[in-house]
Every structure is written in C-alpha cells, then in structure tokens.
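Worksheet: one structure, shown below.
Numbering (the numbering used here), first residue to last: 80 to 357.
Next comes the structure, spelled out in structure tokens:
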C-alpha cells in the first residue's frame, strides 16, 4: 500500500492502537497528523515514528477531547494549517469506573467517545471534500444488544462503566450511519470498525479488569493491520455506511438501521453542542 500524498489524522495517537496505526500510515508515506492530549507523550511518540520512518512527515497536534475549548482551538489550527484531509481516524476513547463530568458539563465518556468525534467529523467535512477518496473511520465495537435511552444519554440515572462505554460507541455508530447518508453525494466514505481485542490502557481505571483483558488480547500491531486492511484501494470500495468486525462486514441490525433513532440523536447532539462549538 502506498499512501504518499495523503494526509491522515489520528486521534489518541501517542499510544496503543492510535500509535500503531499512525506508525503504519507514516511507513506507507502518508503525511501523518498525530493528535494527542499530552505534549510530552506526543513528542516522544512522534520521535519514535520518525526514527522508524526517517523520511516520513509526522506532525503533532495537541487536543484535549474532554475540553470543547481545546477542540475548537485544534480545529481552527487544522483549518489554517491543512488544505485537505484524506483519512480521519477517530480512535481516542476513555473508560471511567465512576461517572465523571467534564468542565463543559458533559459526562466524560459521552463527550470524549461520542461528542468529540461527532464534532470532528462534521467540522472537517470541507477538508475531507478536498481530499482524494476521503475516508472517515470511527473506532469501536457497537453492541447489538444495548439500546439507547434518549432521555438519559449521559447516564445520570443509570451509570455502568461497560454498558455506558458501549452506549457511547452505539451513539457513534448511529452518527456514522447518519453522516454516511448525508454526505454520500460528496464521495466521503464513513465506516465504523471494531478492530478486535488488543492490549490497551483503556481500562487503566480498573487495574484487575485491564490486566485480565490484556492477557487475552492480541498485540496492538496485529490489530492495526485490521484497520489498514480497510484502507487498501480494493478494500475501500463500497464501504460507506457499513460496520466491520476486524476484516469482515457486520450486518446492520434492524435497530441500528432505524433512521428515526439516528435522526433524533443527531438533532439532540446538535442542540447539546450549540454555543459550545463554532
């Protein structure tokens, strides 16, 4: 695969799957934008990738997805710095054992795992339209058993770390499907990929659970290959509005395909972020 000339942006890029995918992008010749919350960790990650691919173009952008102010600043900087975007990989996510509220007043997982990628997808539409075969990949494993409570999207009544986490990914799935419909004529491919189990610090708030999960998970490098697989020219065709588990398409359930839910969620999301993002 040759990604020369493409600009690929990865959130949560300083470690884990985000780092592994960014490293693959750089090795394939892409201009790679690593979006990280911590500057020190981000700079270290950039140096490591440049060491592995000396001729690569790798840039660090700082953004704290739990802060709308930081998201706005980051987007403004990107729109000045870049004229196009070919691949947007929304990878960053958090999992919290206890319900936490951000400075913007949103439940932490809801903001980082759902609102932030929703905002980035919509705000970068024009940059993506300028790209070559533009592609939005949202990372996550949506549950086919859970259902959204539209009256309690931020889990104020019923918070459970795992269920709430997967509900944020379910929100992202609905947004991905709705965006794929709304921008189909623009030629932007929007997919959601469950890359499979991999060693991660996502459950660092729950040490024992994290240790057990990582014990039975694949090396992150192998998991990154599942993402890159979907970017190869032959595999990128006709993927708009689809969901994948590793390399296989996952059929949409009747619930996932209910557009009344995706439209209602979209409208509610716009109301929630109104006045917080330009």
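Even for Gly, the Cβ is constructed at its ideal location relative to N, Cα and C.
Starting from residue i, trace the beta strand (DSSP E) both ways and give me its first and last residue.
| i | result |
| --- | --- |
| residue 225 | First-last for residue 225: undefined, no H or E at that position. |
| residue 87 | 86 to 90 |
| residue 271 | 268 to 273 |
Thinking C-alpha only, which one of the options is nearest residue i?
| i | options | result |
| --- | --- | --- |
| residue 80 | 93, 86, 104 | 104 |
| residue 349 | 126, 326, 199, 138 | 199 |
| residue 304 | 96, 90, 123 | 96 |
| residue 359 | 266, 230, 269, 219 | This structure leaves residue 359 out entirely; the chain is present only between 80 and 357. |
| residue 230 | 196, 207, 351, 100 | 351 |
| residue 227 | 326, 243, 168 | 243 |
| residue 271 | 253, 115, 119 | 253 |
| residue 321 | 214, 225, 177 | 214 |
| residue 91 | 306, 193, 210, 115 | 115 |
| residue 171 | 201, 182, 128, 248 | 248 |
| residue 181 | 154, 300, 149 | 149 |
| residue 178 | 125, 153, 236, 146 | 236 |
| residue 269 | 147, 142, 196 | 196 |
| residue 86 | 208, 334, 325, 143 | 208 |
| residue 225 | 345, 319, 250, 194 | 250 |
| residue 183 | 233, 174, 203, 204 | 233 |
| residue 122 | 93, 144, 146, 142 | 93 |
| residue 202 | 241, 151, 223 | 151 |
| residue 302 | 341, 126, 276 | 276 |
Following the continuous alpha helix (DSSP H) through residue i, name the residue where it begins and the one where it ends.
| i | result |
| --- | --- |
| residue 115 | Looking at the DSSP string, residue 115 is not in any alpha helix (DSSP H); the run it does join, the beta strand (DSSP E), is 110 to 115. |
| residue 348 | 338 to 352 |
| residue 258 | 240 to 261 |
| residue 311 | Per DSSP, residue 311 belongs to no alpha helix (DSSP H) and is neither H nor E. |
| residue 156 | 147 to 160 |
| residue 131 | 118 to 131 |
| residue 106 | 95 to 106 |
Which residues share a DSSP beta bridge with residue i?
| i | result |
| --- | --- |
| residue 327 | 324 |
| residue 138 | 112 |
| residue 356 | 353 |
Complete alpha helix (DSSP H) runs within the region 164 to 227 (minimum length 4 residues, chain order)
195 to 202, 204 to 208
Check whether the region 105 to 113 touches the region 132 to 142, counting contact only when three or more Cβ pairs, one atom from each stretch, lie closer than 8 Å.
yes
Measuring CB atoms only, is the region 181 to 192 touching the region 258 to 270, in the sense that at least three cross pairs come out at less than 8 Å?
no
Taking one C-beta from the region 144 to 162 and one from the region 324 to 343 each time, how about it: are there three or more such pairs within less than 8 Å?
no
Is there contact between the region 125 to 132 and the region 165 to 172, where contact requires at least three CB pairs shorter than 8 Å?
no
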